[in-house]
Amino acid sequence: MKISALLVCHDGAKWLPAAIDALEASTRLPDSIAVVDNGSTDRSAELVNEAFGTDPVRLPRTTGYGAAVEAALATLPPAEPDEWLWLLHDDCRPEPDCLEALIRSAERSAPDVVALGPKLRVWSSPPRLAEVGVTISGSGRRETGLEPLEFDHGQHDEPRRVLAVNTAGMLIRRETFESFGLDPELPLFGNDIDLGWRLASAGLSVQVVPAAVMAHAEGAQERGQHAGRRGELAGKQFRDQRSAAMYTLLANSSPAMAVMRWFRLLGTGVLRALGQLLVRRPGRAAEELAAIGRVHLRPRRILSARRRRRDHLRRLDTSGSARPLLAPWWMPLRHASDFAADLGRAGQEAVREAVHVRTGVGPESTVRGQVLRSPTVWVMVGVLLLSVLAGRELLAGAPLHGGALLPAPDGVGEWWSTWAHSWHWVGLGSSAPAPAYLLVFSVLGTLLFGQPELVVWLLFVLTAPLAFWGASRVLRRLVRGRLAAYWGAAAYALVPIVTGSVAQGRLGTVAAAVLFPWTAGAALRLAARNPDHRARAVWRTALGVSLLVLMVPLVWVVALVLVLASGWWFGPRVSPARLWPIVVAPPVVAMPWLLGVLDTPAALLFEAGSAAALPVDPGSLDLLAGRLGGPGAAPAWFGLGIAVAAVIALARASSRSRVIRAWVVAAASGLVLLGLSRIQVTLPGVVGELRPSYSFFVLLLQAALVVAVVMAADGALSEVTGGSFTWRQPLAGLGVIAAVGAVVLGAAWWVSGGTPGPLHRSEPAVTPVYMADLANSRPDGATLLVRGGPTEEGAAPVSFEVLRADSQRLGDAAIAELTPPDETFTAMVQRVLASDGDAAEQLASYGIAYVYAPAPVSDEVAGAFDATDGFSQASASDGQSRAWRVDNTPDLAAITVDSSPLRPLLLVLQVLALLALLVLAAPSRPAPRGDR
Amino acid sequence: MRGQRRQAAPRGTSGSQSSARGPLATGLALVLVAGATTWLAGTAAEPERSAVEATSPQRVARSLSCVTGLSGGRAVVGSLHGAVRSGRPAQGGVVRTDGDEGAFAVQAGKRASASVYATQSAQRSNWYAAQACADPSRVQWFLGAGGGRAHQSTLTLANTRSGDAIVDVEVFGPKGVVEAPGLDDLTVRASPTILDLSEVAPSADELSVRVTAQRGLVSATMVDRFSPGALADPLTEFIPGQAEPATTQLIGGMPAQPDQVALLVHNTGDAATVVGVEYAGVDGHFTPKGLGDITAPPGQLTVAFLPKPTNDGAHGVRITTDQPVVAGLRVRERGDVVQLGALAPLGATALVGLPVGADRTVRLLNPDDRRAGRARVDVLDATGKVLERKMVVVPAGSVREMSSPVLRGKDARVVRIVRGRDLRGAIELRSESGLATIPVVSVAGETRVPAVQPAD
């Protein structure tokens, strides 16, 4: 048996000396050796010359591996009958008996075994395995059957047939190689698998010989990185690896399988690109897409490769199948499950680390042990129990609604639909924009098993624990002691409750109360020392502000002030110019709604929820004590304690500058409150004037006061008790009593009284079931709901509402408020009340099938519908209410559906903006090996 | 780790230890700003949420219903502005209404609705009757009807709309509800429904009748036939319909010196009530001498005969109760009988058509005991031309009348009272055969209907 070694070098000076030494130490030397250098710029050629006494064949740097081997082969004498080629890379180091073991195995193997390969180990860590034969999965992944960096304990030492062996160390019959060759379309990656596949298709075999061992540095990856920078052959190695794998699969599969794989690779490739984007690897995503483009946009290349293979097999007149040697179909699933398990383990580690950092409980404890020993966890559990106790009447039952909160729809599909469409069947129909927060609510509702009610439940029943969680986290960052932070978190968690926000169903404020601490926590890290942390803090703050803006648009002004004042607030480390995402991201995320309200800028002044549902008339004492006015708020004097304690907090000199910062926020909030109180605006769909939503700024003011107290309270005990008795001790005592008293009284009021006020659980439908069912099923089955008119209690205008479902649902109010009334329709109802004309026929043209007047019904209203032609009495829910059927068949002839072609683009922009924020705000992860 | 954490704890802030001791004055100034702005924010005025009035005036088309089949029946129909359509042919604005028993409609569009008039009259040798043709209404009361042979009433229900109307007719007597089978959910179609109370609710007692439209609207007219004696010819009179019970009412249009005055009170409340009675005369209100206590039990019709008015006579009766009641008078004078109901305020403009062939006297009553009232009385011809115009001042609690050759003349077709406001008005019609009184009613063509607005 004659052995001719072919060594290909390319910038391999780093490994070449060791490789040459190992070659020279072999127990069986090759009979001849041909060396090729692919334009190395290092000392590779020189080293070859020194070792073998002759210059290598010099080829351009862009020469592929296959072409290089062909060039080396051309320097050899003509083939002999039993001549084998030993392919060597400049980064492979054979064990002394490697070639001998390969030859021995070749001699003993069946005649169809035409190629053999050694067991490859990791160059830098020889006990670890690199490859013991390879195959390919349906997704194009190179499968070695090894765990990452698996140690070699001899567990893979059974010689076996494989699809392919690495070209590094491959021993192959010369005549076979000259017949099959390496595909020039695969210059660097994947040519070994392609060769093995073609051999198998011809009925030939490849065998791995574990007794032959070789270390391999896989230097192509490193070389590829550098080459890429110079725009040379292997510039984008991930792209090249992926395109080579796809090429191999499509060129060698059976025709039917090739078609199927063409589509599969296209779909999975796009998904993989999206996945790479989600883990903030846009370069990888681009390479994945580029690989798809190289393969899928050049079908001729594939067809040509398939034709060559078919013709070659025809010439050889042999056949076989690689199928048994390919990776099983479930291999990608196994990788997915392994990935999920890795994620779980990583999450567990992250929790363990987080608990350790927050609680000081040692990282050596188990997660359960850490959780059980964490005081934060126990305080959280306490707040959760109090919430459940206080919200006992709201825990389960009919939908939760009342005040500014409309009931959630029955299915999350309604939210998705409202978000996605530009035309809404609300009232008489509307093209007003759906609120932008519906996207977030839709996602949450989908994640919560498709139950939108759960989103509302979480926000309104678990307001306090959620607010406490965020507040305790951010306050623990601000102060050293736990006690002050816990007090502050408890005081903050009570704010949305004692102000009346929860009881009044103020969706925007309640959601903002939950989101705000997380956003503030992110903003506090804008001045972090680590640049990566600073960058991450910018995106996290932008994400938090964006979500807040969706709920309370005026928060954008706060963000703008924060950015403009960042230099003063955070010091020179933070440049306002770097904070642009905090100002730019919210409008982009809110774009579908924002563009729709440009002609109604007053809408920017209102938070999520029904703007007109609650009277807005808080007194001065209410606002000072953090009360919104209206029903469901705790007695005002409870809340004065926090304000008193915040003033006393200024007395402590050591913390005064930080307390002053909190008071700056409080004063700014007061100024905004004052400004908002002097503004009266109108919304197209609301009768009369409205004052802008102000409750978020009451929340902000209260949060600032709480922070002021926490700042001063932290460490104050030792300072007060350590000194001699002065006026400071009684003052500190008064502050403690005021602060603790406010929280204790607020909590006692909350738990004892439950959640009073408009928020309640009840069936939202006001119309009889048959009307609601009809209205839910079709837009031309609407009900005209009529209330008011002169009664024994007094005279009130008749108000009407067109229900195209059993009731308005969360999100509908924002649309209705932006929809100007249809004067024609109003006049028509007026005419009915005057018992005039053909109003019933016209009502039917708006898709109205029934008229319903819930008790108490004005005699004049009832009499009018009784008296007007075209209305027949229908059954009402009770004896006091009245109902009429519109005799004409309803249709939608009078309504012109108006859709915006721009909306899909805006929705895509919103989704992409949110995804980008999520990705950029996610924790940093080490770059994968290939990206280094 | 704890130690490390403690050192790194105050994160997210900057500034050296020396700058931590910020000036107290700055802090207190901020407290002042925060407190003052928050306080001032709470002093803002509450926004106006609704500027919409509860009702708004609406001009609506009207359809008045006149009955037919009365002896010597005529109806004066017309409008000061715009045309009206009469269900029976009119000649010179006069429609013959004798003949078959039934009803016809006088229809006015929106333009004419504020000035349409239709007054029906009938007479025989010993009686004279007149009444404005009926406006559709949801609820109407009729007091002093009869369901016997000597005192028999006929209720005519006319539906002037295209759809069917559903009506409940309830009959009450001195002992409460009178059984009247078949009068619930009565369907009134395009042709009028005529109910003879002696057939549908036979009773020898005085009756009160409530007509309630459950669906649609109907015009109800009650014609009463009354035999003053066994051998005397029966008298015919319209019983005026009344809408709403009230606790204070002014019943007007009474001749100054009636032969007999019967007060009819139907207590619609749920407790008995004492009925306070005062006559309204030229010199003001006065209590009839010798009048005993009148108590009206709930849910019943109470009939009480009042002493004749003294002094210079009276033209009205003011009653006060502590329960809502419907009240009326049946007055006899010189062999004829007149049925009177409570008068409604004249409002901005009131209008009444004048039947031909009778002397007319306009009487204005002021129910206000403290302030005088004034009104402009116009007498117009059939073309709307003003024949006579006079300002009438009515002292507090008093009555004034207007009578003139122009008013009595044959060209006078309409009396229009402008800016009468809270005054009440009635026109006494006196012919050779007898006496009738027509209340002057506010123009109903423009009515206040509930204002409409979209719900928030």
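So the protein sequences, as listed, match chains Z and H. For the record, in the first sequence the residue sitting at position 174 is 174 according to my numbering, with numbers rising by one throughout. Take any residue in the second sequence, note its place counting from 1, add 1000, and you have its number in my numbering. Glycine included, each C-beta is placed from N, C-alpha and C at the ideal position.
| field | Interface residues of the region 1029-1048 of chain H facing chain Z [CB-CB below 9 Å] | value | Ala1029, Leu1030, Val1031, Leu1032, Val1033, Ala1034, Gly1035, Ala1036, Thr1037, Thr1038, Trp1039, Leu1040, Ala1041, Gly1042, Thr1043, Ala1044, Ala1045, Glu1046, Pro1047, Glu1048
| field | Residue of Z:Pro684, Z:Trp749, Z:Gln237 minimising C-alpha distance to Ala291 of chain Z | value | Z:Gln237
| message | Since Val832 of chain Z and Gly488 of chain Z should fall inside the 8 Å C-beta cutoff, what is the C-beta to C-beta distance between them, to a whole number of angstroms? | response | At roughly 58 Å, the Cβ-Cβ gap does not stay under 8 Å, so Val832 of chain Z and Gly488 of chain Z are not in contact.
| request: Flag Val1200 of chain H as yes if its beta-carbon sits less than 8 Å from any beta-carbon of chain Z, otherwise no. | output: no
| query | DSSP state of Ala1201 of chain H, grouped into three classes? | reply | coil
| Between H:Pro1240, H:His1315, H:Gly1078, H:Val1223, which lies nearest to Ala1252 of chain H when the distance is taken from Cα to Cα? | Contrary to the premise, residue 1252 of chain H reads as Gly rather than Ala in this sequence. Nearest of H:Pro1240, H:His1315, H:Gly1078, H:Val1223 to Gly1252 of chain H, Cα basis: H:His1315.
| Neighbour list for Ser620 of chain Z in chain C, Cβ cutoff strictly below 9 Å | Here the protein chains are Z and H, and chain C is not one of them.
| query | Along chain H, which residues have their Cβ under 8 Å away from the Cβ of Arg787 of chain Z? | reply | Ala1455
| field | Partner residues on chain H for Val162 of chain Z, Cβ-Cβ distance less than 8 Å | value | Those within 8 Å of Val162 of chain Z in chain H number zero; the least Cβ separation is about 50 Å.
| said: Helix, strand or coil for Cys98 of chain Z? Go by DSSP, reduced to three states. | reply: helix
| query | Which residues bound the alpha helix (DSSP H) around Tyr247 of chain Z? | reply | 237-252
| message | When you compare the CB of Gly1073 of chain H with every CB in chain Z, is at least one pair closer than 8 Å? | response | no
| query | Who are the neighbours of Ala713 of chain Z on chain H, taking C-beta pairs under 7 Å? | reply | Those within 7 Å of Ala713 of chain Z in chain H number zero; the least Cβ separation is about 14 Å.
| said: For Met1391 of chain H, list the residues DSSP reports as bridge partners. | reply: DSSP output for Met1391 of chain H lists H:Arg1376 as bridge partner(s).
| task | Compare the C-beta of Ala633 of chain Z with all C-beta atoms of chain H and state if any pair is closer than 8 Å. | result | no
| message | Could you give the first and the last residue of the continuous alpha helix (DSSP H) run that contains Asn166 of chain Z? | response | Taken as a continuous stretch (DSSP letters only), Asn166 of chain Z belongs to no alpha helix (DSSP H), as it is neither H nor E.
| Helix, strand or coil at Leu401 of chain Z [DSSP, three-state] | Here residue 401 of chain Z is His; the residue named in the question, Leu, does not match the sequence. Three-state DSSP puts His401 of chain Z in a strand.
| said: Cys1133 of chain H and Val1508 of chain H - do their beta-carbons sit closer together than 8 Å? | reply: There is simply no residue 1508 of chain H to check, as chain H begins at 1001 and stops at 1456 in what is shown.
| said: Please classify Asn1159 of chain H as buried or exposed, where buried requires at least 16 neighbouring CB atoms within 10 angstroms. | reply: buried
| task | Determine the closest residue to Val549 of chain Z out of Z:Pro531, Z:Leu605, Z:Asp192, Z:Pro576, with distance taken between C-alpha atoms. | result | Z:Leu605
| Opening and closing residue of the alpha helix (DSSP H) in which His296 of chain Z lies | 282-296
| query | Quick one: Cα of Arg480 of chain Z to Cα of Gly521 of chain Z, how far? | reply | Looking at the two C-alpha atoms, the distance is approximately 15 Å.
| message | Using only the alpha-carbon positions, how far apart do Arg1021 of chain H and Ser655 of chain Z sit? | response | Per-residue confidence for Arg1021 of chain H stands at a pLDDT of 46, beneath the threshold of 50, marking its modelled position as unreliable; the derived number appears in the next sentence. Taking the straight line from one Cα to the other gives about 7 Å.
| message | Between which residues of its own chain and Ser1016 of chain H is the CB-CB distance below 6 Å, once the five residues before and five after are set aside? | response | Reliability fails at Ser1016 of chain H, whose pLDDT of 41 lies under 50, so the model's placement of it is uncertain and no value is given.
| query | Which residue comes first and which comes last in the alpha helix (DSSP H) that contains Asn1267 of chain H? | reply | Not the alpha helix (DSSP H): Asn1267 of chain H falls in the beta strand (DSSP E), residues 1260-1267.
| Per DSSP, what kind of secondary structure is Val908 of chain Z in: helix, strand or coil? | In the three-state DSSP reduction, Val908 of chain Z falls in the helix class (H, G or I).
| task | Could you tell me which residues DSSP puts in a beta bridge with Val1067 of chain H? | result | H:Ala1103
| request: Let me know the secondary structure DSSP gives Met260 of chain Z once reduced to three states. | output: Here DSSP, grouped into helix, strand and coil, assigns Met260 of chain Z to helix.
| query | Count the other CB atoms within 10 Å of the CB of Arg476 of chain Z; is the residue buried (16 or more) or exposed (fewer)? | reply | Result: buried.
| message | Measuring CB atoms only, is the region 618-634 of chain Z touching the region 746-755 of chain Z, in the sense that at least three cross pairs come out at less than 8 Å? | response | yes
| Neighbouring residues, chain H, relative to Gln680 of chain Z (Cβ below 7 Å) | Under the 7 Å cutoff, chain H gives Pro1047.
| By Cβ distance below 7 Å, which residues in the same chain neighbour Pro1234 of chain H in space, the five residues on each side in sequence not counted? | Arg1225, Phe1226, Ser1227
| field | Distance, Val1399 of chain H Cα to Gly1284 of chain H Cα | value | Approximately 7 Å, taken between the alpha carbons.
| Which two residues bound the contiguous alpha helix (DSSP H) that contains Asn1126 of chain H? | Run containing Asn1126 of chain H: none; DSSP gives neither H nor E here.
| field | Per-residue contacts from Val647 of chain Z into chain H (C-beta, under 8 Å) | value | Val1031
| query | Ordered along the chain, which non-local residues of its own chain (more than five positions away) have a Cβ less than 6 Å from that of Ala327 of chain Z? | reply | Setting aside the 5 residues that flank it on each side, Ala327 of chain Z is surrounded in the same chain by Thr135, Ser137, Glu143, each with a C-beta closer than 6 Å to its C-beta; the list follows chain order.
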